[in-house]
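To start, the structure itself, in structure tokens.
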Amino acid sequence: MEQLFSPDELVRIEAAAREAGHSARDWVRALVLKRLYGDSERTHVSHRRPARPDFEDAVWPVTTHRRSGGVLQELHHAGCWVPKGGEATLTTAEARLRIAGHEVRPCDACQPERFLIPYA
Numbered sequence: 002m003e004q005l006f007s008p009d010e011l012v013r014i015e016a017a018a019r020e021a022g023h024s025a026r027d028w029v030r031a032l033v034l035k036r037l038y039g040d041s042e043r044t045h046v047s048h049r050r051p052a053r054p055d056f057e058d059a060v061w062p063v064t065t066h067r068r069s070g071g072v073l074q075e076l077h078h079a080g081c082w083v084p085k086g087g088e089a090t091l092t093t094a095e096a097r098l099r100i101a102g103h104e105v106r107p108c109d110a111c112q113p114e115r116f117l118i119p120y121a
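Residue numbers for the sequence shown follow this note's numbering, so the first one is 2 and each next one is one higher.
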């Protein structure tokens, strides 16, 4: 968040979050979701369930690179520029499991783990 807001804005966000009894990150997330959806129900979505209903149907390309130590599998999100087409794909559930189990390495260019791993 430090990259998105100025130091003064961060101070105000943190104060508002404390007043609401939330972390700054959760407070900003709830505010953004409320703005997107216009209702308070979706602002309290579990961290494991994404706010967008089509998210669970997403496709996650996996590229394979041969290295001297073996095969490296790299996970990408659908909008990443690295895959060339024709790669194996995973469902969102499979991608979560494989990234949590360190079976695939997240792409450095698109950082798909930010969509798959719950907030800290």
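Each residue gets a CB set at the ideal place from its N, CA and C atoms; glycine is no exception.
Discussion item. In whole angstroms, give me the CA-to-CA distance for I100 and E114.
Written reply: Sequence index remark: in the sequence shown, residue 100 carries index 99 (1-based). Sequence index remark: in the sequence shown, residue 114 carries index 113 (1-based). It is roughly 8 Å from the alpha-carbon of I100 to the alpha-carbon of E114.
Worksheet item: Within 9 Å (strictly less), CB to CB, does E15 reach chain C?
Response: Among the chains of the structure shown, chain C does not appear; only one protein chain is present.
Discussion item. If I follow the unbroken alpha helix (DSSP H) through E88, where does it start and stop?
Written reply: Walking along the sequence shown from the start, residue 88 turns up at place 87. Counting along the chain, no alpha helix (DSSP H) covers E88, and no H or E run does either.
Worksheet item: Hey, out of H103, C81 and T93, whose CA is closest to A59's CA?
Response: In the sequence shown, the residue the question calls residue 59 occupies position 58. Residue nearest to A59 within the set H103, C81 and T93 is T93 (criterion: CA-CA distance).
Worksheet item: What residue from H78, A31, D27 and A21 has the CA that sits closest to D109's CA?
Response: As a working mapping, residue 109 is identified with position 108 in the sequence shown. Nearest to D109 by C-alpha distance, out of H78, A31, D27 and A21, is H78.
Worksheet entry | Residue nearest to V83 in terms of C-alpha spacing, selected from R97, G102, P62 and L5 | Along the sequence shown, read from residue 1 onward, the residue named residue 83 stands at position 82. Nearest option by C-alpha distance: P62.
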